[in-house]
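Down below is the structure, laid out as structure tokens.
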Amino acid sequence: MSITTLKIIALIAMTIDHIGEFLPDTPIWFRWIGRIAAPIFIFCLTEAMRHTKDRRKYCIRLYEMTCICAGVFFIAARITWILGEDIYPGIIENNIFATLFQIAVLIAVIDGCIEKPEHWKRNLSLYSLWQCATFIINTAIVKGVIYTGIFGDLDELRYVLYGPLCNISWNEGGWYWIILGLLFYYAPKKKVIWYPAYCIINIVLYNGRAIANLMYHWSVTERETLYKAGTFFFGTILHEDYYYKMPVSLIDWYQWMMVFAMVPILFYNGKYGQGLKKVFYIYYPAHIAALYLLGSLPHCVG
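Residues 4 to 305 in the numbering used here are what the sequence shown lists, from first letter to last.
Put into structure tokens, the structure is as follows:
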């Protein structure tokens, strides 16, 4: 399979996933299918970073798409808000381009330090300064220090700036996807080994409640201690408490199903394919905004 074929597979899986996310009363298996999308897109990104002739131009394009998606999703949310606060389904938290951009920049920074060791201090200093500054701004928004009445709530403001700021701690998938991208890039030949292990670790770390319940021989106190420790670590430090508080069933908590993304990835033949990059770029924000608005229609009718 070429990169283009992999992207088409990921695009189809992503669309099914987003139908399940935005449209009411869709079967849960729509979300199961969607678990393979992000890993495939991330894999394709790392291959693009490996072979592109102009990394700077490529990163700029990803950043532009990150900002465009943030703007489009804000407008879609504003439309439902204007129609009536009672039908407002909430903010759109999706923006995979922010994650892809962060992975691409990190790869460029790390490779720059490796290829030109004399510049490592400058590279890391500039990157750290950018991340520290944007982290402070993000934190100020969450705490309510920065706010304007133009936005419906603080989260809406944060997700609008989600694009332009591009902080590594605030993106779709969080650190989890960032690390996955670095592994795909720096350990490509061993992915058959580390990728399944990575998915298992995901179950252990991000679904601590389920793991705690499986420890039937543990006391109630021990299980509660494990859960509270996970909640503190992911909620307070990594801002990922949402994942940690997911349902206890591995059928309802389906992120581990991303392991099946390895099947099409293993058929990658090293070829780029037909491209179609403009199609992918346009389709992503367009289909999410459309499904989001369509999903709000039942609320409007009601």
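Ideal Cβ positions, reconstructed from N, Cα and C, are used throughout, including at glycine.
Please read all numbers here as calculations on a predicted model, not as lab measurements.
Near Q105, what residues of its chain come up, given a Cβ to Cβ distance below 7 Å and the 5 sequence neighbours on each side ignored?
Same-chain partners within the cutoff: C169, I171, N174 and I181.
When F25, I6 and W123 are compared against N97, the one with the closest alpha-carbon
F25
What span of residues does the alpha helix (DSSP H) with R59 cover, start to end?
R58 to L86
Buried or exposed, going by whether 16 or more other CB atoms sit within 10 Å of the CB of V262?
buried
Distance between H290 and Y245 (C-alpha atoms, nearest Å):
Only weak support is given to the placement of Y245: the predicted model assigns it a pLDDT of 43, under 50, and the value that follows is read from those uncertain coordinates. Answer to the nearest angstrom: the Cα atoms are 25 Å apart.
N-terminal and C-terminal residue of the alpha helix (DSSP H) that Y315 is part of:
The chain is shown from 4 up to 305; residue 315 falls before or after that span and cannot be answered.
Between which two residues does the alpha helix (DSSP H) containing V262 stretch?
Run containing V262: none; DSSP gives neither H nor E here.
Please determine, among G184, Y91 and K194, the residue with the shortest C-alpha to C-alpha distance to V108.
G184
Determine the direct distance from the alpha carbon of I268 to that of P288, and round the result to whole angstroms.
24 Å
Just to confirm, is the Cβ distance from A40 to A13 under 8 Å?
yes
Less than 8 Å separating the beta-carbons of G166 and C72?
yes
Would you identify the three-state DSSP class for N205, choosing helix, strand or coil?
helix
With 16 other Cβ atoms within 10 Å as the buried cut-off, status of Q277:
By the C-beta density criterion, Q277 is exposed, having fewer than 16 other C-beta atoms within 10 angstroms.
Distance between beta carbons of I22 and T29, contact taken as under 8 Å
Going by Cβ atoms, the distance from T29 to I22 rounds to 6 Å, so yes, they are a contact pair.
Going along the chain, which residues of its own chain have a beta-carbon closer than 7 Å to the beta-carbon of M17, five neighbours each way excluded?
Answer for M17: G37 and A40, listed in chain order.
With a 10 Å radius around its C-beta and 16 neighbouring C-beta atoms as the bar for buried, classify Y188 as buried or exposed.
buried
Identity of the residue in T83, V75, I82 and A190 nearest F100 by Cα:
V75
Quick one: Cα of M249 to Cα of H122, how far?
Note that M249 scores a pLDDT of 46, beneath 50, so its modelled location is shaky and nothing firm can be said.
Indicate whether I95 and Y271 have their beta-carbon atoms separated by less than 8 Å.
no
I'd like to check one pair, L9 with L65: are the Cβ atoms closer than 8 Å?
no
Do R125 and N141 have their C-beta atoms closer together than 8 Å?
Not a contact, by the Cβ cut-off of 8 Å.
Leaving out five residues before and five after D20 in sequence, what residues of the same chain have Cβ atoms less than 7 Å from its Cβ?
F33, R34, I36, G37 and A40
Span separating the alpha-carbon of H1 from that of Y286
In the structure as shown, the chain starts at 4 and stops at 305, and residue 1 therefore has no counterpart that could be examined.
Candidates I85, I110 and Y91: closest to F46 by CA position
F46 has its Cα closest to that of I110, out of I85, I110 and Y91.
Apart from the five residues just before and just after M4, which ones in its own chain have a Cβ nearer than 7 Å to its Cβ?
P267, F270, Y271 and N272
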